[in-house]
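Read through the structure below, which is laid out as structure tokens, and then see the notes.
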Amino acid sequence: MSTTTLPSLMKARNESAARALGRRRRFIDAAVKWLCLLATVAGLFFLASIMGTLLWRGLESLSLNTLISEFKPTSYGEDTAEPGGLRHAIIGSIIQTTIATLIGTPIGLLVGTYLAEYARGSAFGNAVRFVSDVLLSAPSILIGLFIYQLVVLPMGAFSGIAGALALAIIVIPVVVRTTEDMLQLIPNTLREAVIGLGAPKWKMITLVCYKAAASGILTGILLAVARIAGETAPLLLTSFGNNVTSLDLSSAMASLPIAIYQQANSGFPDLIRIAWSGALLVTMGVLAINIMARLVLRGRN
């Protein structure tokens, strides 16, 4: 009797344990799935709330006059005065962002190329990569303090070039990381084939590797531009901002983040409305750059 019932009992126990384990796994799977879904919904809710608030408050004062006119002191709390605009801040942001991109992009591209093509596995390359990663995650206010000590104090004044240099330092690690990652995705067989044909290494990198990784590198550059477009902390310590349109890089220069910060803290309703318009402009600009990066990457693929 025992010889006939023992296998059946073991089989029943195994089936019961398997069913219990299956129920536990299905429960954990459903719980994790719902937690992920709730986190996604929460994230989308906050994003939609931010965008909705920006559109509601920003479109209220966004007009052609906001884009083409400068800040006007007569608009301090006077309902009858002609409201000022953000022309000085828009021009200042474009100038500083453009200069920062022109300075930071070549440096980041060359450093990323060195790490991917010449310094693989070397101690110096690992040190450079570590410093780049630290710089990538460093608070931007520290970069502003660095440029303040290095440029602003010796010059004796805030300046647009100091602001551009601070933003350029933020651009560099983003481009370094993107360039290195994109170049490392290129198969070594492609490099070996080009070298086997007798081409020098520099020509292999510039004509083959850069072409193959162009979409990813361009995406990294656009994302770097999107990041510096909304930076406020480093500009408070470097370019500082002013209320007039200025093309002089040796003097204080306005920017949209600084104008938003100053006018939002003014306490006057008309200036606060203009600050909301500036915030909407910055957000739409960053969103446009990110969409452009996605389209470029999709088009290249």
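Converting from the sequence shown to our numbering requires adding 284 to each position, the first position being numbered 1.
Where a beta carbon is used, it is the ideal one built from N, C-alpha and C, also for glycine.
Values in this document were obtained by computation on a predicted structure and should not be read as measured data.
Endpoints, alpha helix (DSSP H) assigned at residue i
| i | result |
| --- | --- |
| A517 | 517–520 |
| A452 | 444–468 |
| A384 | 371–397 |
| S424 | 424–431 |
| R475 | 472–480 |
| R413 | 407–421 |
| L434 | Careful: L434 lies outside any alpha helix (DSSP H) and carries neither H nor E. |
| L348 | 348–352 |
| K487 | 485–488 |
Neighbour-count burial assignment, residue i, 16 or more Cβ in a 10 Å radius
| i | result |
| --- | --- |
| G500 | buried |
| A452 | buried |
| E515 | buried |
| L437 | exposed |
| L579 | exposed |
| R303 | exposed |
| A551 | The sequence given here places Gly at residue 551; Ala does not occur at that position. G551 is exposed by the Cβ-count criterion. |
| A326 | exposed |
| G405 | exposed |
| S333 | exposed |
| I312 | exposed |
| L305 | exposed |
| A563 | buried |
| S416 | buried |
| P423 | exposed |
| V455 | buried |
| A315 | exposed |
| T324 | exposed |
| P518 | buried |
| P390 | exposed |
| L571 | exposed |
| P471 | exposed |
| V566 | buried |
| A513 | buried |
| T503 | buried |
| A498 | exposed |
| R308 | exposed |
Distance cut-off 8 Å: residue i Cβ against heavy atoms of the ligand ZN
| i | result |
| --- | --- |
| T397 | Among the components of this structure there are no ligands whatsoever, and the ligand ZN is therefore not found. |
Are at least three pairs of beta-carbons, each pair with one atom in the region 521–538 and one in the region 436–451, less than 8 Å apart?
yes
Does the region 473–485 come close enough to the region 564–576 that 3 or more CB-CB pairs lie under 8 Å?
no
Given 8 Å, three or more beta-carbon pairs between the region 348–356 and the region 367–378
yes
Does the count of Cβ pairs from the region 461–473 and the region 393–406 closer than 8 Å reach three?
yes
The region 407–426 contacting the region 486–505, beta-carbon criterion three pairs below 8 Å:
no
Could you tell me which uninterrupted alpha helix (DSSP H) segments, each at least 4 residues in length, are contained entirely in the region 508–564, listed from first to last along the chain?
517–520, 540–548
Counting Cβ pairs closer than 8 Å, one from the region 524–544 and one from the region 339–349, do we hit at least three?
no
Between the region 376–386 and the region 501–509, can you find at least three pairs of beta-carbon atoms closer than 8 Å?
yes
Can you find at least 3 beta carbon pairs, one from the region 557–564 and one from the region 534–547, that sit closer than 8 Å?
yes
Please give the ranges of any beta strand (DSSP E) in the region 302–353, keeping only runs that are unbroken, at least 3 residues long and fully inside the region.
none
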